[in-house]
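What follows is a set of notes on a single structure, which appears directly below.
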Amino acid sequence: MLSRTAANLYWTGRYMERADFLARLLDATVRLSGMPTTYGDPAAWSGALAAAGVAEAFARSHEGEPEEAAVVRYLTVEPTNPSAIANCVEHARSNARAVRTGLTREAWEALNSAWHEIERLRAMNPAKLEVRELTETVQRAVAVFDGAAQRTMLRDDAYWFLQLGAAIERADNTARLLDVKYHLLLPRGEPVGGSLDYFQWSTILRTVSAATAYRWVYRDTVKPWLVADMLIFNDRMPRSLTCCYASIVELLDRLGAGSGRRGPAHRQASKVQLELRENNVEAVFASGLHEFLDRFIVDNNRLGCAIAEQFAF
Amino acid sequence: MQLTAMAMSTPFDEMNGWPGDEPRAAYAKVKAWLDAAPPELLPTRRAQAELLFRRTGITFNVYGDPGGSERLIPFDLVPRVLTGAEWARIERGLVQRVEALNALLADLYGAQEILKAGVIPEELVRLNPQHELAVMGHRPSKGVFVHVAGVDLVRTGPDDFFVLEDNARTPSGVSYMLENREMMLRLFPDLVAKAGVAPVETYPDLLLDTLRSVAPAGPEPEPTIVVLTPGPYNSAFYEHSFLADKMGVELVEGADLFVRDNLVFMRTTEGPRRVHVIYRRIDDAYLDPLFFRPDSTLGVPGLLAAYLAGNVALANAVGTGVADDKAMYSYMPEVIRFYSGQDPILGNVPTWRCREPDHLAYVLDHLPELVVKEVDGSGGYGMLVGPHATRRQIEEFAAKLRADPQGFIAQPTLALSTCPTLHDGRLEPRHVDLRPFVLTGADGVKVTPGGLTRVALTPGSLVVNSSQGGGTKDTWVTDL
């Protein structure tokens with residue numbers, strides 16, 4: 001496959017995944033900030049900014065404590081925020097448009113329709129913009145796109161690069177989400193299992209649509225280390241780091257099967273996968289969840305660079 | 314001239330014929346269907362069509378339009394219908410014409426017999442910037458120059474079809490021919506079936522066969538074919554991606570290709586891969602910065618050397634522009650006679666070459682009734698439509714003409730045929746032309762039945778170009 005085509009598909013996958021994550025994050029944050037202050041979280045909106053990785057950029061253009069309306073606008077339609085949901089969809093579309101031959105008509109139309117829908121919402125008066133309408137539209141669009149890709153695309157390089165981009169982005173998002181909760185939002189001295197804690201960790205589960213799955217897996221109340229275990233190590237949880245890396249390694253194997261070559265991306269992915277395999281949640285908490293996640297995010301970025309190198313993006 | 318006089322009368326209508334005629338038999342089924350359709354049906358279907366086109370992203374980009382970068386070409390639901398008999402004659406004429414174009418190019422870049430015979434004035438070739446000296450003496454793979462031609466035809470009466478332009482460089486529009494049919498099949502499946510419409514869906518396969526047939530000989534059993542696009546900002550990008558997709562070949566940009574040892578490769582995820590045939594949708598001037606425009610970032614350095622070494626086929630070949638400019642056009646009937654010994658089946662529109670003093674004098678005297686075009690212009694830009702121009706526009710154009718007579722030709726304002734077209738919920742006559750697509754491979758010339766019908770949506774307008782607000786229609790060749 002053409003390197004540029006591969007790169008465009010990879011980034012289409014990444015941006016669609018990011019749009020979906022941001023939509024879930026917004027939904028969960030709206031819910032969290034709506035709790036009575038005793039249970040809720042006054043810093044919910046700054047937490048959302050941090051999880052989206054745009055806290056600093058936001059602070060540069062806004063003064064004071066982040067407020068709901070400003071954050072929602074920033075994360076959804078703000079033109080200067082490259083990671084705003086509308087911009088993610090636009091980036092995904094322009095990447096896909098440059099390589100229409102790489103996608104099936106169904107997959108392209110799903111993406112193109114999503115873009116038209118988002119553009120319509122973007123053109124609306126911001127005061128009247130319903131967050132829920134936007135987030136639901138995005139989540140539905142990503143699901144339709146994924147479904148169309150899964151049902152109609154040949155199982156070859158095009159499909160695998162698309163999935164590869166999505167898997168790497170998903171791993172990054174999950175790690176950031178956990179990291180934000182850990183080092184920003186767990187107030188010092190708050191007893192573990194206290195009520196504030198409870199709602200914050202529940203919010204994480206909602207963001208990754210895993211609130212119910214958690215019960216099935218652990219049959220326990222919401223506990224921070226179990227949430228971390230689920231999102232880092234559980235191999236049945238599609239957004240866990242372990243699960244993402246199982247996909248990544250498998251996809252890289254498939255992509256390499258044609259040439260029989262294994263490059264720097266294979267090595268980096270295998271290394272991260274091995275580290276996950278040899279670790280567990282107790283050890284991670286003992287040595288520091290933040291340090292673990294920080295290292296993971298750096299490693300995951302390195303994998304992104306290794307992929308660009310290996311496939312000559 | 315007869316044609317000038319005709320311009321004054323009411324135009325021939327594809328469905329209703331001359332005023333007072335019975336509706337034409339070719340349209341019997343379409344007309345019966347239109348008459349029976351409830352009044353809201355067509356507007357509803359049109360809205361559906363627009364939605365579908367948008368969703369598919371069948372758009373074109375308009376140069377110099379800062380606001381809307383992606384626009385839909387308006388699609389009109391009423392098809393343009395040709396009978397099998399009408400088409401048979403058109404097809405013979407197209408084959409003859411495109412064979413002559415290929416013979417002409419082989420000659421102009423070879424022995425130049427036609428110049429020696431004095432059929433075409435030498436300076437028309439020697440002074441023509443489109444006559445590409447870099448490829449002089451080069452015989453392209455299998456001798457084919459114009460693999461894809463889009464010949465623009467106009468009609469002025471039941472049996473009067475004329476060639477308006479030979480597009481022998483990188484003609485576009487074929488994706489609309491295919492998508493318009495898809496749309497009609499989707500919106501009016503019964504009607505299409507009842508009318509017995511010849512299929513156009515085979516075009517991508519024919520194109521692929523054509524490109525494959527000119528692959529340079531080599532050890533590889535299967536040649537690698539690519540479509541070369543200037544990129545997503547090009548006005549016809551949708552078409553480029555569409556054709557690559559339908560043929561199942563890579564859509565590449567210049568930066569995806571490179572030349573080593575006079576061989577062309579594309580950069581893939583598994584390393585370099587040799588490319589044998591390039592269906593290029595980039596003009597000559599941008600193909601290779603080492604030979605042509607050095608500032609071009611769209612092309613591939615070294616491509617021309619690889620081409621001249623015979624290691625890659627370009628479709629269309631380099632230098633075809635000399636055959637399709639509007640000055641050469643006026644000699645096409647003689648060109649056809651010279652190479653085939655036959656009379657042209659499809660005539661030319663009478664053309665005054667402003668380079669000839671007596672023609673120029675006539676043109677300057679008759680500007681209000683003529684259409685004047687730049688010799689190397691396209692897209693409907695830079696032309697004067699006399700009957701629709703203001704006095705001032707005519708004076709300005711006259712000054713341009715006097716300054717550079719070589720640069721212009723003039724034609725009578727033809728009464729182009731009209732076709733019923735939906736406007737504000739009613740059917741009104743609008744002028745149409747027709748661009749059939751003609752493929753030439755190692756095994757001869759093939760024409761897909763029909764083509765792209767372009768329609769001028771403004772009442773009375775004769776400019777059908779999509780960049781100037783024209784629309785399109787599905788074109789039916791029926792078995793009647």
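Chains as they are written, first to last, in the numbering used here: chain H, 1 to 313; chain E, 314 to 793.
Note that the Cβ used here is the ideal one computed from N, Cα and C, for glycine as well.
Treat the numbers as computed from the prediction; the structure is a model and nothing was measured.
Does the beta-carbon distance from VAL590/E to VAL527/E come in below 8 Å?
With a cutoff of 8 Å on beta-carbon distance, VAL590/E and VAL527/E are scored as near each other.
Could you confirm whether any beta carbon from chain E is found closer than 8 Å to the beta carbon of ASN280/H?
no
Quick check: is the beta carbon of GLY13/H nearer than 8 Å to any beta carbon in chain E?
no
Out of curiosity, what's the CA-to-CA distance linking PRO352/E and LEU75/H?
Going from the Cα of PRO352/E to the Cα of LEU75/H covers about 47 Å.
With GLY615/E and ASP596/E assumed to form a contact (beta carbons below 8 Å), what rounded beta-carbon distance in angstroms separates them?
About 18 Å; that fails the 8 Å criterion.
Exposed unless 16 or more other CB atoms sit within 10 angstroms - verdict on VAL298/H
exposed
Nearest residue (CA-CA) to GLY470/E, options ASP671/E, THR731/E, ASP678/E and ARG668/E:
THR731/E
Got a sec, what are the start and stop residues for the alpha helix (DSSP H) GLU399/E sits in?
397–421
Here's the rule I'm using: 16 or more other beta-carbon atoms within 10 Å means buried, otherwise exposed. How should LYS128/H be labelled?
exposed
With distances taken between CB atoms, is the gap from GLU169/H to GLU17/H smaller than 8 Å?
yes
CYS305/H classed as buried or exposed, judged by whether at least 16 other C-beta atoms fall within 10 angstroms
CYS305/H is classed as exposed because its beta carbon has fewer than 16 other beta carbons within 10 Å across all chains shown.
Starting from HIS266/H, trace the beta strand (DSSP E) both ways and give me its first and last residue.
Counting along the chain, HIS266/H falls outside any beta strand (DSSP E), though it belongs to the alpha helix (DSSP H) covering 264–277.
Buried or exposed for ALA712/E, going by 16 or more other Cβ atoms inside 10 Å?
exposed
Could you check whether the stretch 622–629 of chain E touches the stretch 572–592 of chain E, counting it as contact only if at least three pairs of C-beta atoms, one from each stretch, sit closer than 8 Å?
By the Cβ rule, the stretch 622–629 of chain E counts as touching the stretch 572–592 of chain E, because three or more pairs are nearer than 8 Å.
Could you tell me whether the stretch 447–454 of chain E touches the stretch 387–404 of chain E, using the rule of 3 or more Cβ pairs below 8 Å?
no
If you pair each beta-carbon of the stretch 19–39 of chain H with each one of the stretch 195–211 of chain H, do three or more pairs fall below 8 Å?
yes
Residues that DSSP places opposite HIS744/E in a beta bridge:
Beta bridge pairing from DSSP links HIS744/E with THR731/E.
Rounded separation between MET647/E and PRO657/E - CA only:
The sequence as given places Glu at residue 647/E; Met does not occur at that position. Between GLU647/E and PRO657/E, the C-alpha separation is close to 9 Å.
Could you give the C-beta distance for ARG176/H and GLY53/H, rounded to a whole number, given that I count them as a contact under 8 Å?
6 Å
So, with DSSP's three-state summary, where would you put GLN425/E?
coil
Assigned secondary structure, ARG188/H (DSSP; H/G/I helix, E/B strand, else coil):
Its pLDDT being 45, under 50, ARG188/H is placed unreliably by the model, and the measurement read from it follows with that caveat. Three-state result, ARG188/H: coil.
So which residues on chain E does MET1/H lean against when the C-beta distance must stay under 9 Å?
GLU563, THR581, THR582 and GLU583
Nearest-angstrom Cα separation, counted from GLU119/H out to ARG4/H
26 Å
Just verifying my parser: in three-state terms, what is the DSSP assignment at ASP608/E?
coil
For ARG219/H, which residues from the same chain have a beta carbon less than 8 Å from its beta carbon, with the 5 sequence-adjacent residues on both sides left out?
none
Just grab the DSSP bridge partners of VAL751/E for me.
ALA462/E and VAL760/E
Within the stretch 693–717 of chain E, note down every full beta strand (DSSP E) run reaching 3 residues or more, in order along the chain.
none
Name, in chain order, the residues that DSSP records as bridge partners for LEU564/E.
As computed with DSSP, LEU564/E is found in a beta bridge with VAL540/E.
How big is the Cα-Cα spacing for THR633/E and ASN173/H?
Rounded to whole angstroms, the gap between the alpha carbons of THR633/E and ASN173/H is 54 Å.
Quick one: what's got a C-beta closer than 7 Å to ALA57/H's C-beta in the same chain, skipping five residues either side?
Result list for ALA57/H: ASN81, in chain order.
Taking the alpha-carbon positions, what's the PRO585/E to TYR620/E distance?
In this structure, the straight-line span from the alpha carbon of PRO585/E to that of TYR620/E is close to 18 Å.
Is the shortest distance between the beta-carbon of ASP157/H and the beta-carbons of chain E less than 8 Å?
yes
Assess, as a yes-or-no matter, whether the stretch 760–769 of chain E is touched by the stretch 739–751 of chain E under the definition of 3 or more beta carbon pairs within less than 8 Å.
yes
Assign PRO670/E to one of three DSSP states: helix, strand, or coil.
helix
Please tell me whether ASN112/H has its Cβ less than 8 Å away from any Cβ of chain E.
Residue contact with chain E for ASN112/H: present (Cβ-Cβ distance below 8 Å to some residue of chain E).
HIS736/E, DSSP secondary structure in three states:
Reduced to three states, the DSSP call for HIS736/E is strand.
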